[in-house]
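Numbering of the sequence shown is given in our numbering, commencing with residue 800 and proceeding in unit increments.
C-beta atoms are modelled at their ideal positions from N, C-alpha and C, and glycine is treated no differently.
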Amino acid sequence: MTDDELLDLARKVRNKAYCPYSGFSVGAALIDDNGDVHVGCNVENAAYSNVSCAEEGAISAMVASGGTRIVTIAVAGGDRDERSRACTPCGGCRQRINEFADERTRIIVKDDDEHWHTYTLDDLLPSSFHL
Ligand code: THU
């Protein structure tokens with residue numbers, strides 16, 4: 800699967816986001832070490848702190864299917880019903896990705912001008928916490 804195809808999946812699942820409180824929809828699509836693809840979108844809740852991020856959903860699906868490492872994860876987000884803009888994972892999701900990343904894991908987003916930005920987890924979360 801190409802990066803463009805993976806990002807398209809993230810954009811597509813973004814349309815399914817449940818985000819009545821923030822109005823900000825996010826989609827994530829990842830490829831795991833088995834070559835399987837998993838997607839997730841944000842799911843909000845009337846008790847605001849119970850929000851589940853898009854990356855979180857995709858990672859949960861990966862773990863449930865037996866994947867152990869993220870090869871590439873694409874994220875797309877923006878105001879609901881508007882086109883995506885550069886949306887890098889939040890701090891909590893950087894730590895979630897960290898759990899299943901290695902130095903080759905790529906986090907990919909496109910900015911407002913459709914230019915690619917590719918990061919490693921170390922770019923986004925240097926000196927990260929590990930047990
Ligand atoms: N959100 C994500 O799904 N992933 C991120 O990495 C950043 C934030 C969601 C949470 C919330 O529903 C909305 O975006 C606004 O913060």
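Whole-angstrom distance between residue j and residue i, CA atom to CA atom
{"i": "R939", "j": "D901", "result": "The chain is shown only over 800 to 930; residue 939 falls outside these bounds and no answer can be derived."}
{"i": "T919", "j": "G865", "result": "23 Å"}
{"i": "V874", "j": "D802", "result": "11 Å"}
{"i": "K909", "j": "G876", "result": "10 Å"}
{"i": "H929", "j": "Q894", "result": "9 Å"}
Local conformation of residue i per DSSP, three classes
{"i": "S848", "result": "helix"}
{"i": "R905", "result": "strand"}
{"i": "C892", "result": "helix"}
{"i": "G839", "result": "strand"}
Residues that residue i bridges to, as DSSP identifies them
{"i": "V862", "result": "None, per the DSSP bridge assignment."}
{"i": "D878", "result": "F823"}
{"i": "H916", "result": "V908"}
Of the listed residues the options, nearest to residue i (C-alpha basis)
{"i": "I872", "options": "F899, H914, Y820, N849", "result": "F899"}
{"i": "D921", "options": "D912, R905, E913", "result": "R905"}
Cβ-Cβ separation, residue j to residue i (assumed contact under 8 Å), whole Å
{"i": "E854", "j": "G839", "result": "7 Å"}
{"i": "K811", "j": "G826", "result": "7 Å"}
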